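First comes the structure, then the notes that go with it.
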Amino acid sequence: MPDWKSPAEIQKEAGVFVKLMHSLLGLYAYEWFLSLDFEWDLITGKKRFRWPLIFYFANRYLLLFALIGIAISFDTTKEVNCQSLFTFNQLAGDAAVGLASISLSIRTMAIWTQNRYIVGGLILIILGHWSVILQGVQLEASWIPGVGCQITKTNNKILATIFIYSMCFDLTVLLLNTYKLLGINSSASSSNMMGRSRLTHMIFTDGLIFFIIAFLANLIATVFMLLNLNSLMSVIFNVPAAVGSTIVACRAVRRLTNFTNNGPEIYGGITSSAQRATTGNGRGMPTVNYKSTTRPGVHVQMETFTHAEESQNDIYPKTKEESDADTEDVEAKGSL
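Below you can see the structure in the form of structure tokens.
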């Protein structure tokens, strides 16, 4: 068992910490570069900008700037104000964790059709989360000649609270999504139970993947903070947790935005033309309607899709799918 607090061990871990941070910067920069087409589509007007994307971009770029700041703090050869630099890095990194949870909670509000109880509860949870995140600077750093910026002290209790809160928050969001998407509602009938569309499957899968990755990353970071082996080992997994949460959250937002811009279906199952699924606020949910008629002759069956106008009040753009089996009589005039 090594002596975690010995100068030699701390120096060894400092080298590992620097290499890990550079690797994470490379990974995240690669992910950022690959998804630049999403920003370009918004700039050129191919996709419509909606207010939830504010949290998406804040999450995406705050973490990028934090990783750049961490790289500067380790790579610079001139003396800098390490405390100010690490203060920004810590606050930006913690904010990225909070913004990732907000992005998924906004989608949950949309799934619940902005139910006031769900929205109110999630807003209270978000405010509680950010009250912990903004507790202040939880680490101290100083310039060491010949070495550079080094973390000298951390407040592990507050940092652990942030990550534990994030895990509970993400679990709450996942359970709310699962409850709604799988139709586990005593007032729901079999005709309007969700879970049959491709969109429902995508939302549930993305939410589950986000929760698993974010939960495991936050759990590892929390364990090392509570162990408090030394100042470096206490925070070594904080950045990987923020990077993992941000990548999966941003991917989930992009996938949903791309689907609702291009896809033909939204939350709903298959019902007859006489049935319409309704939500708690009385608005009809899109369904798939089938109409068929039988007439003599040769029948050609066609499916047509129409899109309803987007409501300005919707959190995410919604598309309406109507499938009509139109039957045309084709007269046999010698060619048949």
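Under this note's numbering, the sequence shown is numbered contiguously, ending at residue 333.
For every residue, glycine included, the Cβ atom is placed at its ideal position computed from N, Cα and C.
No experiment lies behind these values; they were computed from the predicted model shown.
Min CB distance residue i to chain B below 9 Å
i: residue 4; result: Reference to chain B is not applicable here, since this structure consists of a single protein chain.
Check whether residue i and residue j have beta carbons under 9 Å apart
i: residue 149; j: residue 135; result: no
i: residue 214; j: residue 234; result: yes
i: residue 167; j: residue 98; result: yes
i: residue 206; j: residue 250; result: no
i: residue 36; j: residue 83; result: no
i: residue 171; j: residue 204; result: yes
i: residue 51; j: residue 95; result: no
i: residue 199; j: residue 256; result: yes
i: residue 232; j: residue 221; result: yes
i: residue 59; j: residue 92; result: yes
i: residue 79; j: residue 8; result: no
i: residue 201; j: residue 173; result: no
i: residue 225; j: residue 6; result: no
Reduced DSSP category for residue i - H, G, I as helix; E, B as strand; rest coil
i: residue 145; result: strand
i: residue 129; result: helix
i: residue 41; result: coil
i: residue 73; result: coil
i: residue 232; result: coil
i: residue -1; result: coil
Per DSSP, cross-strand counterpart(s) of residue i
i: residue 48; result: Bridge partners of residue 48: none, in fact.
i: residue 138; result: 148
The alpha helix (DSSP H) enclosing residue i, as first and last residue numbers
i: residue 100; result: 79 to 108
i: residue 10; result: 4 to 31
i: residue 158; result: 153 to 178
i: residue 219; result: 195 to 224
Hey, is the stretch 196 to 212 in contact with the stretch 222 to 242, meaning 3+ C-beta pairs nearer than 8 Å?
yes
Meets three-Cβ-pair contact criterion under 8 Å: the stretch 76 to 90 and the stretch 22 to 40:
Between the stretch 76 to 90 and the stretch 22 to 40 there are fewer than three C-beta pairs closer than 8 Å, too few to call the two in contact.
Touching by the beta-carbon criterion (3+ pairs, under 8 Å), the stretch 10 to 22 and the stretch 64 to 77:
yes
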